């Protein structure tokens with residue numbers, strides 16, 4: 150008979166007692182037989198990250214509503230910051246003067262920052278791209294600025310993040326093939342410049358990841374991957390996904406390119422996604438991913454469980470004394486009812502956002518932790534076979550997402566047995 154593991158073990162990354170390794174060291178600890186899926190460990194200046202891992206998004210140096218203790222409690226190993234926003238407000242120099250992003254936000258674990266390029270390229274009509282960089286006006290005060298491969302590294306050096314992303318050109322999903330081709334060529338030139346200058350810009354111990362573009366054109370993706378693979382980056386990411394393309398095409402791109410990315414470096418897909426997306430990414434050999442979905446959905450009343458999303462705004466929860474998920478070990482589910490959460494949401498009480506975010510992030514860490522442990526114990530294919538239909542049904546594109554919380558959650562949290 151299967152018994153549930155202690156929830157604290159569900160979130161364990163098994164990193165205590167390890168001898169530190171130099172930042173940038175990446176170890177593949179387990180590989181699923183006949184599959185690209187793998188478990189690994191990446192070392193940073195602020196400690197190790199066990200992969201696969203999900204990174205909560207802290208755009209302004211904070212995951213909305215949570216402090217550092219909350220993030221540790223839900224099992225976050227690493228968080229993501231946005232260097233476009235932080236670089237302007239409060240400003241990279243101010244963050245540096247306050248001791249860096251880690252000290253400012255009292256977070257002693259790794260931080261990844263993106264280049265800010267995605268935000269700038271989203272400012273349609275407010276930016277002008279050339280081969281050396283992009284000139285733009287900010288969306289908040291209209292001031293004019295310039296972004297180059299060197300400047301984005303300098304901003305991240307001042308922030309003090311552990312993993313720094315290079316500047317790349319991310320075109321929209323509906324871009325013409327000629328624009329996608331031009332974006333790839335431009336991104337290659339910028340990657341070469343970043344690789345050449347990183348040693349004089351970044352601080353010792355800061356890692357630098359390249360970004361592979363090409364939309365859903367697999368041949369173009371392969372071409373760009375080949376151009377970046379030999380550059381001195383500690384990891385490579387797939388950018389330009391989850392930007393409006395059909396979900397099956399996104400998954401097919403990951404499945405084609407993920408296994409071809411260098412085996413000896415971490416693989417990151419930027420900006421995904423649903424629990425279904427995460428399963429597809431891990432199955433494609435991806436190690437790291439991030440998304441605003443669990444935090445944003447929490448604030449909008451959407452709560453994640455292994456049987457689908459609960460919309461806490463629905464009237465049927467007004468007198469419901471049950472927790473979101475009786476099988477969940479998070480602080481929210483241990484203490485509070487659906488009725489109370491619905492009341493808080495209805496009254497726009499900030500406590501609702503905090504509790505809902507704790508639950509959703511805990512769920513994401515449970516799901517990714519279950520995949521990671523299954524890889525470590527040689528049970529990944531069994532877990533995928535057991536849960537892919539559930540996760541795909543309730544979290545695939547177009548799924549209703551409503552369900553009743555039942556024994557599915559108990560099974561999903563069961564400790565995998567060694568093969």
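In my numbering, the protein residues as written are 150 to 568.
Cβ coordinates follow ideal geometry from the N, Cα and C atoms, glycine included.
A quick note: this is a predicted structure, and the numbers were derived from the prediction, not measured.
Continuous beta strand (DSSP E) stretch holding residue i: start and end
i: residue 294; result: 293-296
i: residue 284; result: 282-286
i: residue 496; result: Element bounds for residue 496: n/a, residue is neither H nor E.
i: residue 277; result: 276-279
i: residue 386; result: 384-387
i: residue 358; result: 356-361
i: residue 230; result: 228-231
i: residue 460; result: 457-460
Coil, strand or helix - residue i by DSSP
i: residue 504; result: helix
i: residue 255; result: coil
i: residue 150; result: Low confidence applies here, because residue 150 scores a pLDDT of 24, under 50, leaving its location unreliable; read the following figure in that light. Coil.
i: residue 557; result: For residue 557, the predicted model reports a pLDDT of 40, less than 50, meaning its position is unreliable; a value from the coordinates is still stated below. Looking at residue 557 - three-state DSSP - the assignment turns out to be helix.
i: residue 481; result: helix
i: residue 468; result: coil
i: residue 443; result: helix
i: residue 563; result: With a pLDDT of 39 at residue 563, under the threshold of 50, the modelled position of that residue is not reliable, and no figure is offered here.
i: residue 450; result: coil
i: residue 512; result: helix
i: residue 236; result: helix
i: residue 316; result: coil
i: residue 374; result: helix
i: residue 249; result: coil
i: residue 525; result: helix
i: residue 166; result: coil
i: residue 262; result: strand
i: residue 463; result: coil
i: residue 307; result: helix
i: residue 518; result: helix
i: residue 302; result: helix
i: residue 243; result: helix
i: residue 289; result: coil
i: residue 487; result: helix
i: residue 225; result: coil
i: residue 369; result: helix
Residue range of the alpha helix (DSSP H) that includes residue i
i: residue 337; result: 326-350
i: residue 533; result: 529-544
Rounded distance between the beta-carbons of residue j and residue i, thought under 8 Å
i: residue 280; j: residue 194; result: About 33 Å separates the two Cβ atoms, so there is no contact after all.
i: residue 519; j: residue 500; result: Contact doesn't hold; Cβ gap of about 29 Å is too wide.
i: residue 229; j: residue 263; result: 7 Å
i: residue 452; j: residue 509; result: 6 Å
i: residue 308; j: residue 266; result: Wrong, their Cβ atoms sit about 15 Å apart, outside the cutoff.
i: residue 268; j: residue 313; result: Wrong, their Cβ atoms sit about 16 Å apart, outside the cutoff.
i: residue 431; j: residue 201; result: 5 Å
i: residue 213; j: residue 462; result: Going by Cβ atoms, the distance from residue 213 to residue 462 rounds to 19 Å, so no, they are not a contact pair.
i: residue 367; j: residue 406; result: 7 Å
i: residue 365; j: residue 398; result: 4 Å
i: residue 416; j: residue 188; result: So it is not a contact: roughly 13 Å between Cβ atoms.
Any non-hydrogen atom of the ligand NAP within 7 Å of residue i CB
i: residue 537; result: As far as ligands go, the structure on display features none, and thus does not contain the ligand NAP.
Can you confirm whether the region 324-336 touches the region 301-310 when touching is taken to mean that 3 or more C-beta pairs between the two stretches lie within less than 8 Å? By the Cβ test, the region 301-310 is not in contact with the region 324-336, since fewer than three Cβ pairs between them sit closer than 8 Å.
Within the chosen definition, does the region 482-491 reach the region 465-473 through at least 3 CB pairs nearer than 8 Å? Taking 8 Å as the limit for Cβ pairs, the verdict is that the region 465-473 does touch the region 482-491.
Would you be able to state if there are at least three C-beta pairs under 8 Å between the region 348-360 and the region 379-396? Flag = yes, the region 379-396 and the region 348-360 touch.
Between the region 434-441 and the region 450-461, can you find at least three pairs of beta-carbon atoms closer than 8 Å? Taking 8 Å as the limit for Cβ pairs, the verdict is that the region 434-441 does not touch the region 450-461.
Measuring CB atoms only, is the region 317-325 touching the region 421-431, in the sense that at least three cross pairs come out at less than 8 Å? Judged by Cβ distances under 8 Å, the region 317-325 makes no contact with the region 421-431, as fewer than three pairs qualify.
Contiguous alpha helix (DSSP H) assignments of at least 4 residues, all confined to the region 393-439: 396-406 and 424-432, all fully within the region 393-439.
Three-pair Cβ contact test at 8 Å for the region 523-530 versus the region 164-181: The answer is yes - the region 164-181 touches the region 523-530, with three or more Cβ pairs under 8 Å.
Should the region 486-505 be regarded as contacting the region 405-417, the criterion being three or more beta carbon pairs within less than 8 Å? Per the Cβ contact rule, the region 486-505 is not in contact with the region 405-417 (fewer than 3 Cβ pairs under 8 Å).
Start-end ranges of the beta strand (DSSP E) lying completely within the region 168-223, minimum 3 residues: Counting only runs of 3 or more, we get 175-180, 187-193, 196-200 and 202-204.
Give a yes or no on contact between the region 230-245 and the region 199-210, applying the rule of three or more CB pairs nearer than 8 Å. When Cβ pairs closer than 8 Å are counted between the two stretches, the region 230-245 is seen to touch the region 199-210, the count reaching three or more.
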